[in-house]
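A.B. asks: These protein sequences, in sequence, are chains A and B.
Just so we're aligned, residue 14 is where the first sequence starts under this note's numbering, counting upward by one.
Just so we're aligned, residue 27 is where the second sequence starts under this note's numbering, counting upward by one.
From the three backbone atoms N, C-alpha and C, an ideal C-beta is built for every residue, glycine too.
The structure's right below; bear with me while I get my questions together.
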Amino acid sequence: DIQMTQSPSLLSASVGDTVTITCRASPGIGNWLAWYQQRPGRAPRSLIYASSTLESGVPSRFSGSISGTNFTLTISSLQPEDFAIYSCQQYDTFPPTFGGGTKVE
Amino acid sequence: QVQLVESGGGVVQPGTSLRLSCAASGFTFSRHAMHWVRQAPGKGLEWVAAIWHDGTKEYYADSVKGRFTVSRDNSKNTLFLQMQSLRVEDTAVYHCVRDWQIAAGAIYYFEDWGQGTLVTVSS
């Protein structure tokens with residue numbers, strides 16, 4: 014199975030900060046990576062697919078990028094509703110696999 | 027607006043069975059592959075099972091293969107997960123998830139999620 018290594022597992026930030034979360038895929042997965050947000054009591058939400066394409070309705074402060082086998086989720090100007098858990102997922106190779114998650118608190 | 031509402035979770039003993047359901051609305055259910063994805067307490071997300079839009083193909087994670095069966099009723103817009111020989115390590119919130127792909131297998135990009143139903147396996 015493809016191993017997705019996500020870091021950090023915990024990120025402390027304040028409203029207005031810019032935060033960065035990273036996932037590394039081993040072996041490589043092209044650009045077939047998605048990012049999801051989980052807020053307490055709510056269904057997980059898809060944010061980004063194909064490494065950098067924003068889902069409809071996702072604020073533009075969210076962005077994704079790729080460099081080789083490293084993938085980055087950046088949240089600019091963090092808002093109160095952004096404090097959540099973020100997970101990456103590869104869908105290049107069966108079975109699909111997720112990173113361990115990053116809690117932004 | 028896509029809605030996925032899971033039901034059927036509960037507390038069960040190891041070795042027993044449970045059937046989860048997912049009622050789908052807000053989209054053409056019969057045109058999308060569907061999945062179950064679970065999250066154990068304090069752990070990351072884990073894909074469990076997939077079923078093609080027309081029900082002709084099913085795929086499973088190794089951890090549940092031979093014990094879980096995914097099915098669907100397109101006439102009732104409902105997805106199911108039959109779980110047998112449950113183990114303590116199956117304890118998790120089970121999410122019903124819609125695949126992005128339309129009428130052509132699955133791409134395993136999880137576009138829409140339900141809130142989940144909790145399954146607790148404990149003696």
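If you follow the beta strand (DSSP E) that B:Y86 is in, where does it begin and where does it stop?
C.D. replies: Note, B:Y86: beta strand (DSSP E), E84 to Y86.
A.B. asks: If you draw a straight line from the C-alpha of A:T85 to the C-alpha of A:T33, how long is it?
C.D. replies: 7 Å
A.B. asks: Look at B:F106 and B:R57 and say whether their C-beta atoms are less than 8 Å apart.
C.D. replies: no
A.B. asks: Can the beta-carbon of B:F94 be found closer than 8 Å to that of B:V74?
C.D. replies: yes
A.B. asks: Quick check: the Cα distance between A:G54 and B:D125, rounded to an integer number of angstroms?
C.D. replies: 22 Å
A.B. asks: In its own chain, which residues sit with a C-beta less than 6 Å from the C-beta of A:S76, not counting the 5 before and 5 after it?
C.D. replies: Excluding residues up to 5 positions away in sequence, T87 lie with their Cβ nearer than 6 Å to the Cβ of A:S76 in the same chain.
A.B. asks: Tell me whether B:V114 sits in a helix, a strand or coil according to DSSP, three-state version.
C.D. replies: Residue state for B:V114 is assigned as helix, using DSSP reduced to three classes.
A.B. asks: Would you call the segment 120-135 of chain B and the segment 88-103 of chain B in contact, with 3 or more CB pairs under 8 Å?
C.D. replies: no
A.B. asks: Can you give me the C-alpha to C-alpha distance between B:Y135 and A:S59, rounded to a whole angstrom?
C.D. replies: 9 Å
A.B. asks: Does A:F111 come within less than 8 Å of chain B when only Cβ atoms are used?
C.D. replies: A:F111 counts as touching chain B.
A.B. asks: Is there a Cβ from chain B that is less than 8 Å from the Cβ of A:Y104?
C.D. replies: yes
A.B. asks: What's the C-alpha gap between B:Q141 and A:P40?
C.D. replies: 31 Å
A.B. asks: For chain B, is any of its Cβ atoms less than 8 Å away from the one on A:S100?
C.D. replies: Taking Cβ atoms only, chain B reaches closer than 8 Å to A:S100, which makes this a yes.
A.B. asks: With H, G and I counted as helix, E and B as strand and the rest as coil, what does DSSP make of A:F75?
C.D. replies: A:F75 sits in a strand when the DSSP states are folded into three classes.
A.B. asks: So, for A:T110: in the same chain, excluding its five sequence neighbours on each side, which residues have a beta-carbon less than 8 Å away from its beta-carbon?
C.D. replies: Excluding sequence neighbours, A:T110 sits near D14, I15, Q16, M17, Q102 and Q103.
A.B. asks: Enumerate in chain order the residues of its own chain whose CB-to-CB distance from A:G112 is below 6 Å, with the five nearest sequence positions on each side excluded.
C.D. replies: Excluding sequence neighbours, A:G112 sits near M17, Q19, C36, S100 and C101.
A.B. asks: On the CB-based measure, 16 or more other CB atoms within 10 Å of its CB, does B:V147 come out buried or exposed?
C.D. replies: buried
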